[in-house]
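In my numbering, the protein residues as written are 42 to 269. The beta-carbon is built from N, C-alpha and C at its ideal position, and this holds for glycine as well. In what follows, a single structure is set out as structure tokens and then discussed.
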Ligand code: DX5
Ligand code: ZN
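This is the structure we're talking about:
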């Protein structure tokens with residue numbers, strides 16, 4: 042069974058994005074986010090080509106793997122995901138999400154991820170029509186709706202992306218399996234309420250979790266409370 046299928050499909054799950062963590066203390070930051078009741082660790086991989094920023098590669102993922110038993114959720118913001126899936130799986134990724142706007146054949150990328158017996162997700166940029174994802178839903182475990190332009194942490198939540206969640210939920214209901222709806226960008230206790238109401242259950246949060254003055258445990262708890 043894929044690691045993601047052991048997680049609830051109805052509870053709100055929190056996936057701290059380590060992009061907002063202290064890179065000089067990544068091991069401890071990841072261990073702390075597990076102690077704070079997070080559900081997975083979100084790894085933002087950027088290639089300086091698909092998005093105008095460079096972040097981490099398989100060597101870093103491998104170096105931090107032993108600091109948490111949580112699911113490692115790799116978000117590949119790269120032009121050629123096909124080339125690197127094997128490397129990220131070897132490094133310890135338990136789930137891989139790539140972008141529908143990438144240069145590869147989408148079905149080929151999904152097949153390559155599934156070949157490694159891990160779960161597969163597709164993401165889309167704010168300007169991309171959600172209808173582009175629908176044909177692939179039957180083969181996916183997760184869809185990631187970007188609620189900021191991918192590339193950097195700390196941006197403001199884009200309210201105009203919420204309708205995509207509702208549309209996806211409608212299509213997922215027609216399938217014979219569940220697909221997690223994940224959101225990423227500007228998520229905090231307040232915006233989590235908006236996306237949870239629309240049907241998203243997996244909340245990626247960087248700044249609001251790692252840089253919260255109330256501490257990580259409280260930050261995670263507040264996001265998890267989004268439906269109450
Ligand atoms: C943006 C990344 C996000 C981002 C989230 O390209 O995919 O994961 O770091 O950070 P916050 O929560 O700070 O918007
Ligand atoms: Zn991300």
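Going by beta-carbon coordinates alone, are residue i and residue j separated by less than 9 Å?
| i | j | result |
| --- | --- | --- |
| residue 80 | residue 58 | no |
| residue 53 | residue 266 | yes |
| residue 198 | residue 227 | yes |
| residue 186 | residue 224 | yes |
| residue 123 | residue 145 | yes |
| residue 177 | residue 141 | yes |
| residue 72 | residue 49 | no |
| residue 83 | residue 245 | yes |
Could you pull out every residue in the same chain whose Cβ sits closer than 6 Å to the Cβ of residue i, ignoring the five residues on either side in sequence?
| i | result |
| --- | --- |
| residue 213 | 220 |
| residue 44 | 112, 135 |
| residue 62 | 70, 251 |
| residue 67 | 105 |
| residue 132 | 99, 102, 103 |
| residue 125 | none |
| residue 188 | 198, 199, 202, 224, 226, 227 |
| residue 180 | 151 |
Applying the criterion that 16 or more other CB atoms from any shown protein chain within 10 Å of the CB defines a buried residue, is residue i buried or exposed?
| i | result |
| --- | --- |
| residue 204 | exposed |
| residue 139 | buried |
| residue 257 | buried |
| residue 218 | exposed |
| residue 107 | exposed |
| residue 242 | buried |
| residue 129 | buried |
| residue 253 | buried |
| residue 263 | buried |
Cα-Cα, which of the options is closest to residue i?
| i | options | result |
| --- | --- | --- |
| residue 232 | 208, 196, 157 | 196 |
| residue 355 | 188, 229, 174 | This structure gives no information on residue 355, because the portion of the chain shown stretches from 42 to 269. |
| residue 336 | 78, 115, 241 | Because the chain here runs from 42 to 269, residue 336 falls outside it and cannot be looked at. |
| residue 200 | 176, 178, 238, 110 | 238 |
| residue 88 | 50, 48, 259, 120 | 120 |
| residue 64 | 90, 247, 137 | 247 |
| residue 153 | 244, 172, 137 | 137 |
Return the chain-ordered list of same chain residues with a C-beta closer than 8 Å to the C-beta of residue i, the five sequence neighbours on each side being excluded.
| i | result |
| --- | --- |
| residue 46 | 160, 182 |
| residue 240 | 206, 207, 209, 210, 222 |
| residue 51 | 242 |
Using C-beta distances below 7 Å, list every residue in its chain close to residue i, excluding the 5 sequence neighbours before and after it, in chain order.
| i | result |
| --- | --- |
| residue 191 | 92, 118, 166 |
| residue 261 | 55, 77, 78, 79, 250 |
Can residue i be considered in contact with the ligand MN, in the sense that its beta carbon sits closer than 8 Å to one or more heavy atoms?
| i | result |
| --- | --- |
| residue 116 | For the structure depicted, the ligand MN is absent and the ligand set comprises only the ligand DX5 and the ligand ZN. |
task: Entirely within the segment 114-200 and at least 3 residues each: give me those beta strand (DSSP E) ranges in chain order.
output: 136-140, 160-165, 183-187
- prompt: Could you give the uninterrupted runs of the alpha helix (DSSP H) lying entirely in the segment 191-265, keeping only those of 4 residues or more?
  reply: 203-213, 230-239, 248-251, 257-265
query: What are the complete beta strand (DSSP E) segments, minimum 3 residues, inside the segment 55-104?
result: 81-87
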